[in-house]
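Student: In our numbering, the protein residues as written are 53 to 411.
All residues carry an ideal CB built from backbone N, CA and C; glycine is no exception.
No experiment lies behind these values; they were computed from the predicted model shown.
Pasting a structure below so you can have a look.
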């Protein structure tokens with residue numbers, strides 16, 4: 053998710069991505085088979101491949117409830133979740149929500165790293181609001197930047213957070229999905245693969261059949277899928293990536309990214325070059341999924357409100373339809389903040405965006 057403070061390192065990385073996007077696409081690299089890790093779980097989670105692809109298909113068309121539980125404290129970023137949010141999303145026809153959650157801001161710094169009971173209760177409420185309306189829920193760990201800066205120092209806390217989450221929701225239906233972490237960055241692929249595998253193992257202790265969503269490094273980049281290593285005997289994993297390209301279009305005027313004012317006014321017109329760039333990227337993700345028999349979930353994509361609405365709607369519709377054609381489920385970023393499909397002040401949907409997502 054991009055509606056947050058972004059470090060200079062992230063800005064540089066995003067700009068590099070954008071520059072690569074504008075350049076003529078190179079031929080796709082030779083597919084690498086998924087590196088094999090020994091299973092971290094004492095309970096094998098083999099299942100027919102069709103099952104996990106069906107689970108991914110159930111996520112379908114979703115929306116992120118951004119800027120709420122992912123803020124340092126709910127409300128600090130202008131969004132406090134309400135029951136009406138879930139009603140609107142369900143009645144509009146979305147299949148799922150993604151619930152970005154900053155657990156690290158509500159967890160003790162010292163062992164046993166207890167999560168604040170009041171915050172747990174708030175997450176309970178949000179999950180219940182969604183599930184009771186027939187919405188699938190993706191619950192993640194969001195904005196755990198300390199983990200990526202100091203993986204060795206934060207590993208025990210990270211795993212303790214997941215152990216508590218997994219045990220608390222072990223009896224929830226399989227329409228609740230767990231996502232290991234949002235946008236790992238500034239961490240090597242090998243270090244992240246090992247850490248993610250440990251988290252999977254912790255979750256499997258209490259949730260042997262839970263659908264889990266896993267991610268590559270570099271802000272969940274599709275370009276790093278080839279470096280993702282997953283437990284070979286766990287067939288209940290869905291792989292996610294995020295997509296905000298071209299960055300100069302999707303993040304023009306974004307106040308949290310330095311230098312973006314100069315991009316204001318950039319349009320996306322669906323010309324041949326623009327479409328080919330998107331298709332190349334989505335094809336790359338889809339091919340990796342096919343080669344590795346792993347379903348793909350586009351967990352975030354969106355264009356900031358400083359872009360003109362016609363371009364935003366055109367880009368959003370194109371990405372969504374092309375993802376669907378490739379069997380990629382998705383969740384738009386986001387519901388009612390700076391990228392929002394819903395105008396909370398006017399209490400109405402932004403119809404061009406809603407129609408782009410749900411034609």
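Taking the CB atoms as reference points, tell me whether residue 232 and residue 248 lie closer together than 9 Å.
Tutor: yes
Student: Shortest alpha-carbon distance to residue 386 belongs to which of 104, 129, 213, 352?
Tutor: The candidate whose alpha carbon is nearest that of residue 386 is 352.
Student: Assuming residue 274 contacts residue 293 (C-beta within less than 8 Å), just tell me the rounded distance between them.
Tutor: Between residue 293 and residue 274 the Cβ distance is about 4 Å, and since that is below 8 Å, they are a contact.
Student: Tell me the residue span of the alpha helix (DSSP H) that contains residue 351.
Tutor: That residue, residue 351, is in no alpha helix (DSSP H); its beta strand (DSSP E) goes 348-353.
Student: Distance, Cα to Cα, residue 409 vs residue 401?
Tutor: Roughly 12 Å separates the two Cα atoms.
Student: Going by DSSP, what residue range makes up the alpha helix (DSSP H) through residue 255?
Tutor: 241-258
Student: Short of 7 Å in beta carbon distance, which residues of its chain neighbour residue 135, apart from the five on each side in sequence? Order them along the chain.
Tutor: 181
Student: Have a look at residue 304 and residue 285 and give me their C-alpha separation to the nearest angstrom.
Tutor: 43 Å
Student: May I ask whether a heavy atom of the ligand PLP can be found less than 8 Å away from the beta carbon of residue 171?
Tutor: This structure does not include the ligand PLP; it has no bound ligands of any sort.
Student: Determine the direct distance from the alpha carbon of residue 102 to that of residue 152, and round the result to whole angstroms.
Tutor: Here the alpha carbon of residue 152 sits roughly 27 Å from the alpha carbon of residue 102.
Student: Helix, strand or coil for residue 197? Go by DSSP, reduced to three states.
Tutor: helix
Student: Given that a residue counts as buried once 16 or more other Cβ atoms are within 10 Å of its Cβ, and exposed if not, what is residue 268?
Tutor: buried
Student: At the level of alpha carbons, what is the spacing between residue 399 and residue 144?
Tutor: 14 Å
Student: Which residue from 391, 347, 349, 344 puts its Cα closest to that of residue 367?
Tutor: 391
Student: Which residues in the same chain have their Cβ closer than 8 Å to the Cβ of residue 224, if we skip the five residues on either side of it in sequence?
Tutor: 179, 183
Student: Between residue 125 and residue 324, what straight-line distance do the alpha-carbon atoms span, to the nearest angstrom?
Tutor: Those two C-alpha atoms are separated by around 44 Å.
Student: Quick check: the Cα distance between residue 200 and residue 194, rounded to an integer number of angstroms?
Tutor: One C-alpha to the other measures close to 12 Å.
Student: What residues match up with residue 401 in a beta bridge as DSSP calls it?
Tutor: Beta bridge pairing from DSSP links residue 401 with 394.
Student: Over what stretch of residues does the beta strand (DSSP E) that includes residue 149 continue unbroken?
Tutor: 148-151
Student: Buried or exposed: where does residue 411 fall if 16 or more other Cβ atoms within 10 Å of its Cβ makes it buried?
Tutor: By the 10 Å Cβ count, residue 411 comes out exposed.
Student: Counting C-beta neighbours from all protein chains within 10 Å, is the total for residue 337 16 or more, i.e. buried, or is it exposed?
Tutor: buried
Student: Check the C-beta distance from residue 355 over to residue 364 and give it rounded, since I have them as a contact under 8 Å.
Tutor: Rounded, the Cβ-Cβ distance is 4 Å, consistent with contact.
Student: Pick out whichever of 216, 107, 257 has its Cα sitting closest to the Cα of residue 160.
Tutor: 216
Student: For residue 280 and residue 227, what's the separation of their Cα atoms in angstroms?
Tutor: 25 Å
Student: Using 8 Å for Cβ pairs, my map puts residue 147 next to residue 111. What's the rounded Cβ distance?
Tutor: 6 Å
Student: Roughly how many angstroms separate the alpha carbons of residue 187 and residue 176, rounded to a whole number?
Tutor: If you take the alpha carbons of residue 187 and residue 176, they lie about 14 Å apart.
Student: Buried or exposed for residue 122, going by 16 or more other Cβ atoms inside 10 Å?
Tutor: buried
Student: Enumerate, from N- to C-terminal direction, the unbroken alpha helix (DSSP H) stretches of 4 or more residues contained entirely within the region 100-152.
Tutor: Within the region 100-152, complete alpha helix (DSSP H) segments of at least 4 residues are found at 101-111, 135-144, given in chain order.
Student: Just verifying my parser: in three-state terms, what is the DSSP assignment at residue 338?
Tutor: DSSP, read as helix, strand or coil, puts residue 338 in helix.
Student: Taking just the CA atoms, how far does residue 321 sit from residue 234?
Tutor: Distance between the alpha carbons of residue 234 and residue 321 is about 30 Å.
Student: Where does the unbroken beta strand (DSSP E) through residue 210 begin, and where does it stop?
Tutor: Taken as a continuous stretch (DSSP letters only), residue 210 belongs to no beta strand (DSSP E), being part of the alpha helix (DSSP H) at 203-220.
Student: Would you decide whether residue 154 is buried or exposed? Buried here means 16 or more other CB atoms lie within 10 Å of its CB.
Tutor: buried
Student: Hey, quick one: how far does the alpha helix (DSSP H) through residue 231 stretch, first residue to last?
Tutor: Not the alpha helix (DSSP H): residue 231 falls in the beta strand (DSSP E), residues 228-231.
Student: Can the beta-carbon of residue 406 be found less than 9 Å from the beta-carbon of residue 375?
Tutor: no
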